[in-house]
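Okay, so the sequence shown: first residue is 428 according to the working numbering, each after it adds one.
By construction, the Cβ of each residue, glycine as well, lies at the ideal position given by its N, Cα and C atoms.
One structure below.
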Amino acid sequence: MRLVLLSLLVILLAIVSISINPSTTWQLVDPQGHPLEGAYIAYHYIGDTFKIIESGSYFRSGSVVRTDSTGKFYIPWAFHLHLPFPFQGNLSTYFGLVYAPPLHNTFSSLGGAYEENMPRMAAVPGYFEMNRETRIVKLFDMRENPSGWAQTIESLYHFIRFDLLGEKPLAEYRASTGLKREFIQHVRREYDLFMVRYSNVNRDASASHLGLQYEREAVQFRWFGGQKDQIIQEALWGPFMERIWEKSLFELEEIAKRL
């Protein structure tokens, strides 16, 4: 009897320490419903960590895949071990980055760069819409939205610098050296194209930052106040973007040479 109880306990412990994520197929489309071929999707896994005072998250590595001619991409099934419930919950699949070069658009299904007080976003008007039931993601074109395009450059840079090349990233992605260089070429290309089109265009003080609507009102007030003060000093997109990104992109390209 004791052996049976011990066996049951071991089986129960194994069940609550295993997370199995089934394979899924998603599709990326543009606002007209046309498939987006050649887009990049970096996915990983996140689970909840339960503590007495406050909860947190834990991460498991993922990979980078691309869409086919029908705009579809495939995420294979995954098996992970973790601390038994209630210490750690089951893992869910999240997109650390979705990037569609033709639309100059990136988005993450996470809000606020893993900040726990912000929801994991499913939609931001004018940027993306994600339907988890149909597994269809609609991306919008950023060519007429300089603030959105500038955020694409920012998102790409941070993904490359801290997730692909970082020493201790929160979420690791299996990516070849060639793919890392490819991403670096993309962020440089996005910057160059942006500068050609918007270098001599005035910045918009009313433009919001992606995910800002999920922040507290006081945070939004400070952000818009700082934005207006900054635009007084740098009214045009060109000088602003050059100050922010020229040195950082040059450093990335130097890193690419050493990969």
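Continuous alpha helix (DSSP H) stretch holding Ile580: start and end: Pro573 to His585
Straight-line gap, Lys684 to Gln612 (C-alpha atoms, nearest Å): 12 Å
The region 459 to 473 touching the region 573 to 584, judged by at least three CB pairs closer than 8 Å: no
Minimum C-alpha distance to Gln459 - residue among Lys607, Asp568, Pro666 and Asn572: Asp568
Closest residue to Val456 among Gly523, Ala527 and Gly489 (Cα-Cα distance): Ala527
Limits of the alpha helix (DSSP H) - the one that His613 falls within: Thr604 to Tyr625
8 Å Cβ cutoff met for Ser444 and Ile502: no
Environment of Lys607 [buried if 16+ CB atoms lie within 10 Å]: buried
Nearest-angstrom Cβ-Cβ length linking Leu518 and Ser574, presumed shorter than 8 Å: Their Cβ separation, rounded to whole angstroms, is 34 Å, which puts Leu518 and Ser574 out of contact at 8 Å.
Among Glu556, Thr497 and Asp475, nearest to Val564 - alpha-carbon criterion: Glu556
Burial state of Arg559, where buried means 16 or more other Cβ atoms lie within 10 Å: exposed
Between the CA atoms of Asn448 and Thr615 - distance to the nearest angstrom: Checking the displayed sequence, the identity of residue 615 turns out to be Arg instead of Thr. Going by the C-alpha atoms only, they are around 35 Å apart.
C-alpha distance - Pro513 paired with Asp475, whole-angstrom precision: 10 Å
Alpha-carbon to alpha-carbon, Gly465 and Glu617: 16 Å
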